[in-house]
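Colleague: Okay, here's the structure, questions in a sec.
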Amino acid sequence: MKIACIGKGGSGKSTISWLLVQLLAAQRRQVLAIDADHNMDLVSLLGKEIGPDTPTMHRRHDAFRDTVGLKEDKNWGRIVLEEDRVLPSFALDPEDSYTRSIRIPINDSVSLIAVGLGSDDVLFSDRCSHGHSAPLKFYLPFLDEGADTDVVIDGVAGADMMNFGLFLGADAVLVVVEPHRNSMRVLSQVAAIAERSNLPLFAVINKADSNPELTQQIEQEWGSRIVGHIPADAGLLAYDLARVAEATRESGENLLSELRSRTAKRNDTLVRIRAFERERSKAKA
Numbered sequence: 002m003k004i005a006c007i008g009k010g011g012s013g014k015s016t017i018s019w020l021l022v023q024l025l026a027a028q029r030r031q032v033l034a035i036d037a038d039h040n041m042d043l044v045s046l047l048g049k050e051i052g053p054d055t056p057t058m059h060r061r062h063d064a065f066r067d068t069v070g071l072k073e074d075k076n077w078g079r080i081v082l083e084e085d086r087v088l089p090s091f092a093l094d095p096e097d098s099y100t101r102s103i104r105i106p107i108n109d110s111v112s113l114i115a116v117g118l119g120s121d122d123v124l125f126s127d128r129c130s131h132g133h134s135a136p137l138k139f140y141l142p143f144l145d146e147g148a149d150t151d152v153v154i155d156g157v158a159g160a161d162m163m164n165f166g167l168f169l170g171a172d173a174v175l176v177v178v179e180p181h182r183n184s185m186r187v188l189s190q191v192a193a194i195a196e197r198s199n200l201p202l203f204a205v206i207n208k209a210d211s212n213p214e215l216t217q218q219i220e221q222e223w224g225s226r227i228v229g230h231i232p233a234d235a236g237l238l239a240y241d242l243a244r245v246a247e248a249t250r251e252s253g254e255n256l257l258s259e260l261r262s263r264t265a266k267r268n269d270t271l272v273r274i275r276a277f278e279r280e281r282s283k284a285k286a
């Protein structure tokens, strides 16, 4: 299962991503955590720092293009649109050489890949954040995570990367929404893009008990798309699973169970990303 967590900045998407990683590991699952955010909070929450020699996707950009046979750093849609092109393939077990070059072990259950958008060298790069994230966009659809591994992606805040198609290779997008007007607005924006892209979308209400009136409004508007409620929890913000309240753990475990049952029949990610890139190509023309 590949789940991308996104939402308004400050909604708690990095916190929820961390919680899902920890709960999956506690279930004796293997977990690949991917930090695709500028702030790289998930990297920090998993106890790592990105130094000048840390392997990141943005630093291995040329290696990715070599792997997928893309000589020029443009027209990435050719990877899926050219009919005579051999499609790439990535796997976690056994691990392909590209994945091996960027995967950072955390412990026996969890490993990490960082896009590296918050690295100092990105500030002076010729590429924008879309360009630096392009390898992830075309890595996810062709990543075979295997039966025993789940992938949790902590995404960039807002809807911009949805417009870029960054998460088309995920099995679902999980929007972390707070009972707050701006957070609810981002959920609506993301949902509209997901519908156009045929990308399954769900929502989890974070700090659901902080504003019962708005929480009820979210429930009424989004109905079955809501797969969980996470209460305000000081133990969760300590980022120590042993201190997380039992109710919070149970909510998170139920959320994972719901996502797994509702993403069991996966959409064809190749069809999805090809359709998206065709539309982008037409729009540019």
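All residue numbers for the sequence shown refer to this note's numbering, where the first residue is 2 and numbers rise by one. Glycine included, every Cβ here is placed at the ideal spot set by N, Cα and C.
For the alpha helix (DSSP H) containing residue 131, list its first residue and its last residue.
Modeller: Along the sequence shown, read from residue 1 onward, the residue named residue 131 stands at position 130. Residue 131 -> alpha helix (DSSP H) spans 130 to 140.
Colleague: Roughly how many whole angstroms lie between the Cα atoms of residue 49 and residue 236?
Modeller: Indexing the sequence shown from 1 puts residue 49 at position 48. Indexing the sequence shown from 1 puts residue 236 at position 235. Computed Cα separation, rounded: 21 Å.
Colleague: Use the C-beta contact count for residue 135: other C-beta atoms within 10 angstroms, 16 or more gives buried, fewer gives exposed.
Modeller: Your numbering for residue 135 matches position 134 in the sequence shown. Residue 135 is buried by the Cβ-count criterion.
Colleague: Can you say whether residue 272 is buried or exposed, counting buried as having 16 or more other CB atoms within 10 angstroms of its CB?
Modeller: As a first step, residue 272 must be located in the sequence shown, where it is residue number 271. Result: exposed.
Colleague: Near residue 215, what residues of its chain come up, given a Cβ to Cβ distance below 8 Å and the 5 sequence neighbours on each side ignored?
Modeller: One-based indexing of the sequence shown puts residue 215 at position 214. Cβ neighbours of residue 215 beyond the five flanking positions: 180, 181, 182 and 185.
Colleague: Helix, strand or coil for residue 276 per DSSP?
Modeller: As a working mapping, residue 276 is identified with position 275 in the sequence shown. Helix at residue 276.
Colleague: State yes or no: is the C-beta of residue 78 within less than 9 Å of the C-beta of residue 282?
Modeller: Counting from 1 along the sequence shown, the entry for residue 78 is found at position 77. Counting from 1 along the sequence shown, the entry for residue 282 is found at position 281. A contact, by the Cβ cut-off of 9 Å.
Colleague: If residue 137 and residue 37 are in contact, beta carbons under 8 Å, what's the gap, nearest whole angstrom?
Modeller: One-based indexing of the sequence shown puts residue 137 at position 136. One-based indexing of the sequence shown puts residue 37 at position 36. At roughly 6 Å, the Cβ-Cβ gap stays under 8 Å, so residue 137 and residue 37 are in contact.
Colleague: Tell me which residues share the same chain as residue 206 and place their Cβ nearer than 8 Å to its Cβ, disregarding the 5 neighbours each side in the sequence.
Modeller: Here residue 206 corresponds to residue number 205 of the sequence shown, with the count starting at 1. Hits under 8 Å: 178, 179, 180, 216, 219, 220, 227, 229, 230 and 231.
Colleague: Distance, Cα to Cα, residue 233 vs residue 46?
Modeller: The residue labelled residue 233 in the question sits at position 232 within the sequence shown. The residue labelled residue 46 in the question sits at position 45 within the sequence shown. C-alpha separation (whole angstroms): 18 Å.
Colleague: On a Cα-Cα basis, can you pick out the residue from 247, 240 and 166 that is closest to residue 279?
Modeller: Start at 1 with the first residue of the sequence shown, and residue 279 comes out as number 278. Cα-wise, what sits closest to residue 279 is 166.
Colleague: Quick one: grab the DSSP three-state call for residue 88.
Modeller: The residue you call residue 88 lines up with position 87 of the sequence shown. In the structure shown, residue 88 sits in coil (DSSP, three-state: anything other than H, G, I, E or B).
Colleague: Nearest-angstrom Cα distance between residue 195 and residue 71?
Modeller: As a working note, residue 195 is residue 194 in the sequence shown. As a working note, residue 71 is residue 70 in the sequence shown. Between residue 195 and residue 71, the C-alpha separation is close to 27 Å.
Colleague: Who are the near neighbours of residue 10 in its chain, counting only those whose CB is closer than 6 Å to its CB and skipping five residues on each side?
Modeller: The sequence position of residue 10 within the sequence shown is 9, counting from 1. These residues qualify, in order along the chain: 158.
Colleague: Determine the DSSP secondary structure at residue 260, reduced to helix, strand or coil.
Modeller: Residue 260 sits at position 259 when you count from the first residue of the sequence shown. Helix.
Colleague: From the DSSP output, in three-state form, read off residue 31 for me.
Modeller: Counting from 1 along the sequence shown, the entry for residue 31 is found at position 30. Of the three classes helix, strand and coil, the one that applies to residue 31 here is strand, per DSSP.
Colleague: Hey, quick one: how far does the beta strand (DSSP E) through residue 151 stretch, first residue to last?
Modeller: Within the sequence shown, the letter at position 150 stands for residue 151. Its beta strand (DSSP E) spans residues 150 to 155.
Colleague: So, for residue 298: in the same chain, excluding its five sequence neighbours on each side, which residues have a beta-carbon less than 6 Å away from its beta-carbon?
Modeller: Here the chain comprises residues numbered 2 to 286, so residue 298 is not present and cannot be evaluated.
Colleague: Are the Cβ atoms of residue 12 and residue 187 separated by less than 9 Å?
Modeller: For this step, residue 12 is matched to residue 11 along the sequence shown. For this step, residue 187 is matched to residue 186 along the sequence shown. Yes, Cβ-Cβ distance for residue 12 and residue 187 is below 9 Å.
Colleague: Quick check on the DSSP output: the alpha helix (DSSP H) that includes residue 165 runs from which residue to which?
Modeller: Here residue 165 refers to the residue found at position 164 when the sequence shown is read from its first residue. Element bounds for residue 165: 161 to 165.
Colleague: What residues in its chain sit with their C-beta under 7 Å from that of residue 160, if we drop five residues either side in the sequence?
Modeller: Walking along the sequence shown from the start, residue 160 turns up at place 159. So the qualifying residues of the chain are 187, 190, 191 and 194.
Colleague: Which word fits residue 172, buried or exposed, when buried means at least 16 other C-beta atoms lie within 10 angstroms of its C-beta?
Modeller: Taking the sequence shown and counting its residues from 1, one reaches residue 172 at position 171. Burial call: buried.
Colleague: State the beta-bridge partners of residue 213 as determined by DSSP.
Modeller: For this step, residue 213 is matched to residue 212 along the sequence shown. Answer is none; residue 213 lacks a bridge partner.
Colleague: What does the alpha-carbon distance come out to for the pair residue 265 and residue 83?
Modeller: In the sequence shown, the residue the question calls residue 265 occupies position 264. In the sequence shown, the residue the question calls residue 83 occupies position 82. Whole-angstrom Cα-Cα distance: 29 Å.
Colleague: For the alpha helix (DSSP H) containing residue 236, list its first residue and its last residue.
Modeller: Here residue 236 corresponds to residue number 235 of the sequence shown, with the count starting at 1. Start and end: 235 to 238.
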